[in-house]
Amino acid sequence: MAPLARRVLAAARALTTPLLPEDFVSVWRPLRSRRAPGARVVDVRRETADATTLLLRSGTRLPAHRPGQFVGLGVQVDGVWTWRSYSITSRPGDPLLAVTVTAVPGGLVSTRLAHQTRPGTLVRISEPSGEFLLPAATPEKLLFVTAGSGITPVMGMLRTLAARNPAALDGAVHVHSDRTAADVVFGPELRTLAARTGMRLVERHTATQGRVCPDALTDLVPDWTARHTWACGPADMLDDLTDHWERVGDPSALHVERFRPPTWDDATGTGGRVTFATSGITADAGEGEPLMAAGEAAGALLPAGCRMGICHTCVGPLRSGAVRDLLTGDTHDTAGQPVRTCVSAPLGDVTIDL
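Numbers in our numbering are just positions in the sequence shown, counted from 1, shifted up by 1.
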């Protein structure tokens, strides 16, 4: 930034304190805000009774994503910005960014996005993140195992491969489970893709056929041990697959994406007053409430990515106090120690350098 521009910005900040110029931009031109980047819903496509694809145009240029990654979407619920992460289902370079949302029973954000969102709606959006990726050199033998909404990150991979390297799908196998054929998100596209590329699609309709057990893979995909596998779906399915690969396969060849991370059952926090030192915002966190959730409810704009303790986008140094990691159960009370705010709950009053 040029010296004159820096002086003008400093003067603007002095005039608008305790707010920043960026705070006014987020109100007057929400799509141009750098502190809280926004996106506009350009189109809405119903995929199934419970799943909807939102086509988004971001107001600021987001970094290019890689197939399999996700973004965080923020919507206002009762005046509070509430965030969830959703897999990107469009290809890198597509003019619009697509995310596909499945409404979860009782889910405030997913239900609103899947059933109540209309073209023109404004949402907040984070940068793409995630490590559920295909390698630069596509393996010769591919296997995808998905269930329900677990199809979404894999769909981004399949669409990209079909456009850029269709030969990689010839001989690939995709085992997908859902309740009925009508419930399969992207069902018609998947079936067309299989017929066009040579990918073998194995649909399992659980309402009549039951779940796919890992032991059944030997019959469905006899050479599964020779394949690199990407799996996404319910936690119990992923746990079973992980155990199976550890027992009789090559664990390094299994790549898993969890929408909810494994949790440490006894982890909790006592709650307390949380101070975010950079903004000066304070928030009262309830027992077991993550620092991020309490801060956002109080209006703090905090760095965020996966919101599951995986990507480390939300990390901030602990200045004082103690927190408990809700995933591991570990207690952190050393000043300067990095803390994952999305999965750490306060043990009394704490201050975070964010």
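Positions of the beta carbon are idealized from the N, C-alpha and C atoms, including for glycine. This one's a predicted model, so the numbers in the text were calculated from it and none came from an experiment.
From what residue to what residue does the beta strand (DSSP E) around tryptophan 1 run?
Nothing about residue 1 can be reported from this structure: the residues present for the chain run from 2 to 355 only.
Once DSSP output is grouped into helix, strand and coil, what is the label at histidine 313?
coil
Please work out which residues of its chain come closer than 8 Å, Cβ to Cβ, to phenylalanine 145, disregarding the five sequence neighbours upstream and downstream, and give them in chain order.
Val155, Met158, Leu159, Ala173, Val174, His175, Val176, His177, Thr230, Trp231 and Ala232
Who are the Cβ neighbours of proline 252 in its own chain at under 8 Å, not counting the five residues just before and after it?
Thr243 and Trp246
Distance CB(leucine 303)-CB(threonine 342) smaller than 8 Å:
yes
Using only the heavy atoms of the ligand SAM, determine whether one of them is closer than 7 Å to the beta carbon of glycine 199.
Absence of the ligand SAM is noted for the structure shown, with no ligands found whatsoever.
By a C-beta neighbour count over all protein chains shown, 10 Å radius and 16 as the cutoff for buried, is aspartate 44 buried or exposed?
exposed
Quick check on the DSSP output: the alpha helix (DSSP H) that includes threonine 101 runs from which residue to which?
That residue, threonine 101, is in no alpha helix (DSSP H); its beta strand (DSSP E) goes 98 to 103.
Beta-carbon gap between threonine 90 and threonine 153 smaller than 8 Å
yes
Counting pairs of Cβ atoms below 8 Å between the stretch 92 to 107 and the stretch 278 to 293, do you hit three or more?
no
Cβ pair count under 8 Å reaching 3, the stretch 269 to 280 against the stretch 320 to 329
yes
Whole angstroms are fine: how far does the CA of serine 130 sit from the CA of aspartate 334?
28 Å
Going straight from the alpha carbon of glutamate 190 to that of glycine 296, what length do you get?
When only Cα atoms are considered, glutamate 190 and glycine 296 end up about 41 Å apart.
Run of the beta strand (DSSP E) containing proline 347, from where it starts to where it stops
Taken as a continuous stretch (DSSP letters only), the beta strand (DSSP E) holding proline 347 covers 345 to 347.
For glutamine 77, count the other beta carbons within 10 Å of its own beta carbon; 16 or more makes it buried, fewer makes it exposed. Which is it?
exposed
DSSP three-state assignment for valine 110, whether helix, strand or coil:
helix
For leucine 109, count neighbouring C-beta atoms within 10 Å of its own C-beta (all shown protein chains included) and say buried if the count is 16 or more, exposed if not.
exposed
Cutoff 7 Å; reference serine 59; Cβ partners in own chain excluding five residues on either side:
Pro38, Ala40, Leu98 and Ile126
Using three-state DSSP, classify aspartate 171 as helix, strand or coil.
Reduced to three states, the DSSP call for aspartate 171 is coil.
Where valine 249 falls, given that 16 or more other Cβ within 10 Å makes a residue buried
exposed
Cα separation between tryptophan 84 and alanine 196?
38 Å
With a CB to CB cut of under 6 Å and the five nearest residues on each side skipped, what residues in its chain are close to glycine 199?
Asp171
Relative to the alpha-carbon of alanine 236, which residue among Ala346, Glu258 and Ala138 has its alpha-carbon at the smallest distance?
Glu258
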